[in-house]
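Worksheet: the structure to be examined is printed underneath.
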Amino acid sequence: MDFRLTPEQEALKSAFEEFFKEEEKRAPEGWSGGMFSIFESEENWAYHRSVAEKLAKKGWLCLPWPKKYGGQEHSYIEQLIFNEVRAYYRVPGVDMWGSQIVAPSILECASEELKQEWLPRIARAEINWCQGWSEPNAGSDLASLTTRAVEDGDDFVINGQKIWTTGAHRADHIFFLARTDPTVPKHKGITYFVSEIREGITIRPLLFMHSKHEYNEVFFDDFRISKKNVVGQVNQGWYVTMAGINFERSMIGSVAEVKRDLEEFIEFCKETKRNGQPLAKDPLTRHKLAEFALELEVARQWAYYVAWLQSKGNLVPAESSAAKYFSSELTVRFANTMVEIMGLYGTLKAGSKWAKFHGKYEDMCQASLGTTIAGGTTETMKNIIAWMGLKLPR
Amino acid sequence: MNLDFTEEQEALKKTARDFMTKTWSSALVRELEEHPTGLKEDIWRQIAELGWLAVAIPEEYDGVGGRFMDLIVLFEEMGRACFIAPFFSTVICTLAIVAAGSEEQKKEILPRVANGEMVLSLALAEPSARYDAAGIATRAAANKDEYVINGTKLFIHDAQVAHCFLCVARTRTEGPPEDGITLFLVDAKSPGVKITPLHTIADDKQNEVIFENVKVAKGQVLGPIEKGFPVIEMLLEQAAIAKCAEMVGGADWVIENCTSYAKERAQYGKPIGSYGIIQHYLAEMWTEIGIAKRFTYYAAWLLDQGIPCRKEVAMAKAWASEVYKRWTRMGVQVFGGIGTTREHDMGLYYRRARQAALLFGDPDSLREKIAQEIIL
Ligand SMILES: Cc1cc2nc3c(=O)[nH]c(=O)nc-3n(C[C@H](O)[C@H](O)[C@H](O)COP(=O)(O)OP(=O)(O)OC[C@H]3O[C@@H](n4cnc5c(N)ncnc54)[C@H](O)[C@@H]3O)c2cc1C
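Put into structure tokens, the structure is as follows:
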């Protein structure tokens, strides 16, 4: 075993660090990272877009892709390093839905024509995606979705409703699943589409618990889409989504971001006095901080292991599910504990002169709740570990 | 032994439940969360008419002469409904006036509280953000027949609508911190009082209240001069248990609504409540909330009887806070995506739990209190 990076990887890491350290300085007032915050305001979105364009120029939005589509054919480890550094500096710029979810599906399953049409534009950060999968009655059981796609000449006509569509109000494109054959078992009648957002698609905002606008409802009303926009084969959409989960799934980003938050919080504890002594000297506070430092360190090593397994070509359903639920639950616990340590100051919203960290933890102890639900709930992750990892009966 | 509420208390509970179902609504909660004062005059008038503001007030001052346990019934129903009004603040201050006020003060204030004319607010916490005597830095200096108050109060509920503050200030700086605390009844309109709203996770109308050379007549001192802290200690215990009642009331909503959602919501062709993991969440939720409720009643009874219960109060508040935080968090998880929205009621409870846990003693400082009681 050797836990060191190669000299090339070290060099790449330094380049990432240099870049993101600079970009961090351009963050708008009150910015404090988080996965969904880019959608919340014009300033945050502009920040995201400006970084995305720079990343595109460097070719860093498609590190693992084949050269032929503009990629650099890097392994999961390089992708992991990129994700870790970016998250540590809490800099946006990556369209997770584009480069992490739809691109792998296109790479794996789409026709050459579609690849040529979409991949370069994703690499150049020209388009902004949203993911129209979940529906009001198809959440964990996604395959039971009922949005209909009916064939009509060279087109499909789409009718139905999506929900929780993150960033749809900022996006110009959507990839979505619709039922093309209602007569066959549920996994076998779904088709995967990519489309620009235009007439026939209505986006209605839904506010998150903390009143911010991140996700939406999306309605399709007789929306016409060409058959050319099908990724993979008609009725094979479920398998296309499965192929698409083959991105770097270690969750290193959420670990790295919380690690940074913790470091910042430790500085706060050194400066802040409670009962006449710095918080950092209070044994209970020290214990809590140490516990998070420990959990983050072990989660980081687990993430490296997951990426390592992926880099060797393994599918890692149990390992990545473990990473997903462990890191997201850790984030919720972390945000709540920081509120607890700050005491009455912890629940103040941004805007008051008394609020610390621009009200970050008041916000984060709500926002983080989304992370244990989105992209597969903690319970679903545990089911996957039990069934696929431990081969327990279903 | 009798672990049931009295018939009168059951009737009060029913009235309160009916009121919350008929007159109150979560739409109103949302409206008042955004509202600058959080006070709806017609609702306030109605609860005055129902006599709720008079529960803690003796009959000779137009009150109904109720017991602390009667208030618990109300706080529980209010917590369940996420009721927003300066009720908690007013009642807590009322308890102090009943316990420590002069005959004149009682006559002047209590009848006006009972009929809904007067709103009170407890100006206790400060930037030190702690609930002990050492945390009080606000000074009140004697000057002929008045006192002059200077200091910053922080996290002050309902200051924006209060007519009168119960202000906790230091009249002597030397000696142990507990000695030298005096309580004042301060007219909210006094020159030098400056109120700035604070916005919190629970939208619960907290404020910064600055007292700058605020003059208060000597007759406005509540209770003994320089020996006011025991009154505050009593008040903090009552407030902590009142918060517990609110929390277990809210927790009741959580268990009921999570359970019924788990029965209705189907994924993979079966109600989510048929899956083991959800069943175990709900089973634990039911257990821990049930325990919190019974222990809250126990601590409330001890207070009601005047039995010393420092340890039990700390235990009740620490436990109810942890339980409420834990199960509102898991409640959101049971609801899935819909539970994370602003429009769903689950979030109202999640947000309140984070706030309530910190008020009148947070779980960590309460554990320290318990430790002090058990490790002699
Ligand atoms: C912040 C956020 C952003 C999102 N962004 C997007 C997006 O951009 N695009 C998109 O398509 N979707 C998105 N989603 C949707 C997300 O994928 C779903 O919310 C998720 O799959 C859960 O579905 P649900 O909300 O319907 O909950 P449900 O599936 O109804 O689950 C409710 C509860 O039941 C549990 N449960 C369900 N089935 C089982 C089982 N078999 N065993 C044990 N427990 C079970 C769940 O774990 C959960 O606790 C987002 C969600 C959130 C919260």
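Sequences listed follow chains A and B, in order. Using numbering that gives the first Met the number 0, the first residue of the first sequence is number 0, and each one after it goes up by one. Using numbering that gives the first Met the number 0, the first residue of the second sequence is number 0, and each one after it goes up by one. Even glycine gets a Cβ: it sits at the ideal position worked out from N, Cα and C. As the structure is a computational prediction, the values presented were derived from the model and not from experiment.
Subject >> Rounded separation between A/Glu262 and A/Val84 - CA only >> reply: 15 Å
**OP:** Taking A/Leu144 as the reference, give the member of A/Glu41, A/Ile157 and A/Asp151 with the closest Cα.
**Re:** A/Ile157
Original post:
For B/Arg169, which beta-bridge partners are listed by DSSP?
Top reply: B/Arg138 and B/Ile180
Original post:
Nearest chain A C-beta to B/Ile180 closer than 8 Å, yes or no?
Top reply: no
**OP:** For B/Gly191, I'd like the list of residues in its chain whose CB is within less than 7 Å of its CB, leaving aside the five on either flank, ordered along the chain.
**Re:** Phe210, Glu211, Asn212 and Val213
**OP:** Please report the Cβ distance between A/Ala302 and A/Ile383, rounded to the nearest whole angstrom; I am assuming they are in contact, meaning their Cβ atoms lie under 8 Å.
**Re:** That belief does not hold up - the Cβ atoms of A/Ala302 and A/Ile383 are roughly 17 Å apart, past 8 Å.
**OP:** Flag A/Val297 as yes when its Cβ comes closer than 7 Å to any non-hydrogen atom of ligand 1, and as no otherwise.
**Re:** no
Original post:
How is A/His357 classed by DSSP in three states: helix, strand or coil?
Top reply: helix
**OP:** Could you say which of B/Gly100, B/Arg44, B/Arg325 and B/Gln8 lies nearest to B/Gly396 if we only look at CA atoms?
**Re:** No statement about residue 396 of chain B is possible, as the shown extent of chain B runs from 0 to 375 and does not include it.
**OP:** Would you verify that the beta carbon of B/Arg29 is, or is not, closer than 8 Å to some beta carbon of chain D?
**Re:** Among the chains of the structure shown, chain D does not appear; the protein chains present are A and B.
**OP:** May I ask you to list, following chain order, the residues of the segment 149-179 of chain B that have a beta carbon less than 9 Å from some beta carbon of chain A?
**Re:** Leu153 and Phe154
Original post:
Does the segment 145-157 of chain B touch the segment 77-89 of chain B, meaning 3 or more C-beta pairs lie closer than 8 Å?
Top reply: yes
Subject >> Candidates B/Gly179, B/Ser189, B/Gly218 and B/Gly346: closest to B/Lys143 by CA position >> reply: B/Gly218
Original post:
So what does DSSP say about B/Leu347, is it helix, strand or coil?
Top reply: helix
Subject >> Residues sharing a beta bridge with A/Phe174, DSSP >> reply: A/Gln130 and A/Val193
Original post:
Can you find at least 3 beta carbon pairs, one from the segment 291-299 of chain B and one from the segment 240-250 of chain B, that sit closer than 8 Å?
Top reply: yes
Subject >> Residue burial classification, B/Ile323 (beta-carbon count within 10 angstroms, cutoff 16) >> reply: Position check: residue 323 of chain B holds Tyr in this sequence, whereas Ile was assumed. Counting Cβ neighbours within 10 Å, B/Tyr323 comes out buried, since at least 16 surround it.
Original post:
Can A/Trp163 be considered in contact with ligand 1, in the sense that its beta carbon sits closer than 7 Å to one or more heavy atoms?
Top reply: yes
Original post:
Does ligand 1 have a heavy atom nearer than 7 Å to the CB of B/Val333?
Top reply: yes
Original post:
At what residue ranges does the segment 81-124 of chain A contain a whole run of the alpha helix (DSSP H), taking only runs of 4 or more?
Top reply: 102-108 and 111-122
**OP:** Could you pull out every unbroken beta strand (DSSP E) segment of at least 3 residues lying fully inside the segment 264-321 of chain B, listed in chain order?
**Re:** none
**OP:** Report all residues from its chain with a CB closer than 8 Å to the CB of A/Trp132; omit the five preceding and five following residues, and keep chain order.
**Re:** Leu141, Leu144, Lys161, Phe175, Leu176 and Thr240
Original post:
Do we get a CB-CB distance below 8 Å when we pair B/Gly346 with the residues of chain A?
Top reply: yes
Original post:
Where does the unbroken beta strand (DSSP E) through B/Asn206 begin, and where does it stop?
Top reply: Gln205 to Ala216
Original post:
Roughly how many whole angstroms lie between the Cα atoms of B/Pro196 and B/Glu32?
Top reply: 13 Å
**OP:** Per DSSP, which residues does A/Asp154 bridge with? Please list them.
**Re:** A/Asp151 and A/Ser225
Original post:
Excluding sequence positions up to five away, which residues of its chain have a Cβ less than 8 Å from the Cβ of B/Glu225?
Top reply: Thr170, Arg171, Asp178, Gly179, Ile180 and Thr181
Original post:
Taking Cβ positions only, does B/Gly336 come closer than 8 Å to chain A?
Top reply: yes
Original post:
How many angstroms separate the CA atom of A/Asn136 from the CA atom of A/Pro277?
Top reply: 51 Å
Original post:
beta strand (DSSP E) containing B/Ala146: first to last residue?
Top reply: Residue 146 of chain B is actually Tyr in this sequence, not Ala. Taken as a continuous stretch (DSSP letters only), the beta strand (DSSP E) holding B/Tyr146 covers Glu145 to His156.
**OP:** Under 6 Å Cβ to Cβ from A/Ala109, same chain only, skipping five residues before and after it: list those, please.
**Re:** Val230
**OP:** May I ask you to check if the CB of A/Trp132 is nearer than 7 Å to at least one heavy atom of ligand 1?
**Re:** yes
**OP:** Look up B/Pro85 in the DSSP assignment and say whether it is helix, strand or coil.
**Re:** coil
Subject >> Boundaries (first-last residue) of the beta strand (DSSP E) holding B/Lys193 >> reply: Val192 to Leu197
Original post:
Would you report the Cα separation of A/Pro392 and A/Gln309, rounded to the nearest angstrom?
Top reply: 26 Å
**OP:** Return the CA-CA distance between B/Arg129 and B/Thr137, expressed in angstroms with no decimal places.
**Re:** 13 Å
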